[in-house]
Amino acid sequence: MAKSDNRKRGEKPEPPRWSNEVIGIVLICAGLLAFLSVISYTPKDLNDIGFLEGFASKRGAAEQTHNFIGRIGAVLGFAQAALFGAGGYIVPLALIWLGVVKLVFDGRLWPRIIIGFTVLALSGAAFWQVWRNLDTVDLTTHAGGLLGWLLGGKVFLPLLNQTGSLIVLLTVHVIAVILLTGQPPVKFLKGCHILMLRQIAKFRERREAGEMQAAKVDLRNSERNMEREQRRKERESGKTAAVAATAAAAANPQQELGLRETPKPQIFDASQRKTESPKPGDKPFERKPKAEGHLSLSTAGFENYDLPGFDLLDPDTGEEAPEANRDELFATQRIIVETLRAFGIEVTPGDITRGPTITRYEIYPSTGLRVSRISQLEADLARATCAERINILAPIPGKDTVGIELANSQKVSVPLRELLQDPEFRSAKKKIPLALGKDVYGKTVIGDLAAMPHLLVAGATGSGKSVCINSIIASMLFKFGPDELRFIMVDPKVVEMQMYNKLPHLVVPVVTDPKKVVAALKWVVNEMEKRYRVFAKTGVRNFDAFNQRVRPEKVEPVEEEAPPWNADNEVSMEEIESIALALESGELGGEAEEDELPIEEDKIPDRYPYIVVLIDELADLMQTAPADVEMCIARIAQKARAAGIHLIIATQTPRADVVTGIIKANIPCRIAFQVSSALDSRVILDTKGADKLVGKGDMLYLPPGSAKLERSQGAFVSDEEVERLVMHCAAQASPNFESDIVRSINSGGGDEDDEEEVSAADEDLIMKCIDVARQEQKCSTSLLQRRLRLGYTRAARMVDILEARGVVGPGDGAKPREVYLK
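Position one of the sequence shown corresponds to residue -10 (this note's numbering), numbered consecutively onward.
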């Protein structure tokens, strides 16, 4: 492919690798021959060469050839000296460098390097000619040779004289060195300086470590001497040697204990993706046909609903994570072990696991070592490893090692499609599977909302919380149709969930007004109570048992004869009085609430759908109506599991006044993304750790029924993928909002109907308050307290009701309210 691309661009194909090696070896060999020839050259060796005897000098009869390469070396040395003079020594060195460039660096010799080589040789020859201040050719002086005489003697000396010529030629010579080597001399010197400083620093560290080790040895020897002296005194005083040994071990239990025998460290690279190419029409789940029957929440009419497939998600076009560099990982592990050893902590290296976001280095502490000592060196380990973020697990839950987690320089995203293709997501054991992410060991993290049964998600802005909520919603849309699962979405921020308004799964449109949220939650509570009454009537215990119950055969209703009700069958006064007493006691309904009416047989649905309530920002709701919101959330979280109603709450400000103790106690399953402080981490997780996350989907997951935190990289789903998924669902069916529920929520949150329900007793009290206000022509809480002997809370409530009914005006500080009635 590379060759064809080069031909298309009009470039010459690159030579094969073996040709560069051959050329490099040949150039190095030629350079060595030329170098040995010129350094051992003497004119006496030219006596044996006929055509060069005129340039030879006399030698003795018994004197042998001096040149290392023999006659050929003498010719090569003469050629270099004749052409370049003293600059001839540069030519072989340059040839050797050209060979290194081809052999080691696989570089090209044209044009920069060849130009640099030519300019270097010519400027060197001219420099030596000008330095000797010669304007003639003298091969015996080894000045500049023929080329040096032409450039230096005939060009530079007449134009610039000796001083100017030396300056110009020296500058050209330095530039030629840069062209030839590609290394600026100043930068090269700085690099050498930095390298030297590093070596000096390492030497000092080794020397300090040696001194510290020697001091430890001296201290150990002195302690042993003191122990021996103590034991001798104890023996003299009648104490046994066993007591002395026990005391010595209690004084320092770690001195005589060595390192543990551990298996050979291994590297596990869990950052690589496992996404498979989906087949056309491939889906995570296939929709099963449902039996016809009455369904609650208007879920009828979705028999032809088609579940979405993988084609709605983007293909994996992202760059694969580079494979783990074993040498680099082992080097970092060595730094960790040496840093701990410098502080007197002996450990043995363990396995290395490279995940999508972090790399976990495991170490085995020596026997008797307190792991808290390793945790105290977190800042020192971060300095030694130059890590962006570091987290120490002392120990790793479920293992006998200590984990040191460092953030990867290149993070890898976990696409949602990879998690949906995992067999665990399609497992029948997961009733409501949620694709959450991938842990540091490369294992997919798939949660089950039915087992949680509620979820609390927290994280700062930009940490990946909203993407996590989108992936959770997408996971449920891939499995459930509108007749199997319904959503109630609460979005006080107005911007996060507006794209879901077209979903046919919604019970009501996305609730954005915080005043209407309490009404929506109260409806969920009423729906939960209604389901439990249906369960009790049908003799089942929970949601699954109700939907899987054996249905009785349908029997056509038989028309009953009308009771004899005529003038001859009159009702006695005693029967009328008994009916009136029953109405007053509430046995026959009377003033019973609508949801407490007896359930008729034909009102029992064939099956119920799941209801998932999603609250995107809890902090806004807790500022509007904290008591009502907390009460509704607590009731849903305590009782709704068996009714098939589940709650997912998200917040970006996990403060104690937002995530209260009642909410935390009833929602044990939590996900924490990066937060700003350890205090926020303790609020959401009851422990620190979330403040050490690196963001962009890095999260801590607390599974249901477990106290072990799992560090994972959250699933990534883009806004475009979510929009395609919503459009697919909307194309199958239009939203079928429950009109009575929408009316109830709007009436509970509207400005015109904010008045609370008032009982008959309260109506009498309100009339008395109106009389007091009309008589005094002013109204205040303290006035009603004095005149009607009310408590502060009830009097304040009466004032609010009077304001809502237009009897009194709004409050103005401590001043009494204006009365509108005369």
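Where a beta carbon is used, it is the ideal one built from N, C-alpha and C, also for glycine.
The structure presented is a predicted model; accordingly, all values stated were derived computationally and were not measured.
- Straight through space, the alpha carbons of Phe94 and Ile14 are spaced by roughly 13 Å.
- In the three-state scheme derived from DSSP, where H, G and I count as helix and E and B as strand, Ala75 is classed as helix.
- Just measuring C-alpha positions, the residue of Asp753, Leu169 and Gly795 sitting nearest Leu777 is Asp753.
- As the crow flies, the alpha-carbon of Lys697 is around 39 Å from that of Met201.
- Taking the C-beta atoms as reference points, Ala373 is found nearer than 7 Å to Ile324.
- Comparing C-alpha distances from Phe535 to each of Tyr597, Pro422 and Lys179 shows the shortest one belongs to Tyr597.
- Taken through DSSP and simplified to helix, strand or coil, Asp437 comes out as strand.
- Here Leu773 really is in contact with Val761; their C-beta atoms are around 7 Å apart, less than 8 Å.
- Cβ-Cβ separation between Leu423 and Leu438: approximately 6 Å, consistent with a contact (criterion under 8 Å).
- Ranked by Cα distance from Ala417, the first of Asp428, Gly436 and Ala525 is Gly436.
- When beta bridges are read from the DSSP output, Ala616 appears opposite no residue.
- In the assembly as shown, Cys18 is an exposed residue. Its beta-carbon has fewer than 16 other beta-carbons within 10 Å.
- Excluding sequence positions up to five before and after Ile604, its CB lies within less than 6 Å of the CB of Val479 and Ile638, all in the same chain and listed in chain order.
- Ile352 is not a Cβ neighbour of Ser364, given a cutoff of 7 Å.
- Per DSSP, reduced to three states, the secondary structure at Leu425 is strand.
- In this chain, the alpha helix (DSSP H) harbouring Ala114 covers Arg101 to Arg121.
- Taking 7 Å as the cut-off, the beta carbon of Ile334 is found closer than this to the beta carbon of Arg362.
- Residue pairing of Tyr353 in beta bridges, as defined by DSSP: Thr337.
- Listed in chain order, the beta strand (DSSP E) runs fully inside the region 661 to 728 are 687 to 691 and 699 to 705, counting runs of at least 3 residues.
- Taken through DSSP and simplified to helix, strand or coil, Ala68 comes out as helix.
- Beyond the five residues adjoining it in sequence on each side, Cys375 comes within less than 7 Å, by CB distance, of no other residue in the same chain.
- By the criterion of a C-beta distance shorter than 6 Å, Val89 is surrounded by no residue of its chain, once the five residues flanking it on both sides are discounted.
- DSSP lists Phe705 as the bridge partner or partners of Pro404.
- For Met787, the uninterrupted alpha helix (DSSP H) segment begins and ends at Tyr781 to Ala793.
- CA-to-CA, the gap between Lys400 and Asp300 works out to about 26 Å.
- Setting aside the 5 residues that flank it on each side, Gly133 is surrounded in the same chain by Phe73, Gly74, Ala75, Gly76, Ala114, Ala115, Phe116, Trp117, Gln118, Val119, Arg121, Leu123, Leu140, Gly141 and Gly142, each with a C-beta closer than 8 Å to its C-beta; the list follows chain order.
- Counted as a single uninterrupted DSSP element, the stretch harbouring Thr640 is not any alpha helix (DSSP H) but the beta strand (DSSP E) occupying residues Ile634 to Thr640.
- Beyond the five residues adjoining it in sequence on each side, Ala165 comes within less than 7 Å, by CB distance, of Gly105, Val108, Leu109 and Ser112 in the same chain, given in chain order.
- If you look at Tyr489, you'll find it isn't in any beta strand (DSSP E); DSSP assigns it neither H nor E.
- One Cα belongs to Thr642, the other to Gly199, and the distance between them is close to 50 Å.
- Distance from the CA atom of Ala331 to the CA atom of Pro304, rounded to whole angstroms, is 49 Å.
- Of all alpha-carbon atoms in Leu302, Asn56, Leu22 and Ala63, the one lying nearest the alpha-carbon of Met716 is that of Leu302.
- Thr31 and Asn56 have their C-alpha atoms spaced approximately 7 Å apart.
- In this model, Gln151 and Arg60 are separated by some 37 Å (Cα to Cα).
- A direct Cα-to-Cα measurement between Glu367 and Arg378 gives close to 10 Å.
- In this structure, Val496 and Glu727 form a Cβ contact; the two beta carbons are roughly 6 Å apart against a cut-off of 8 Å.
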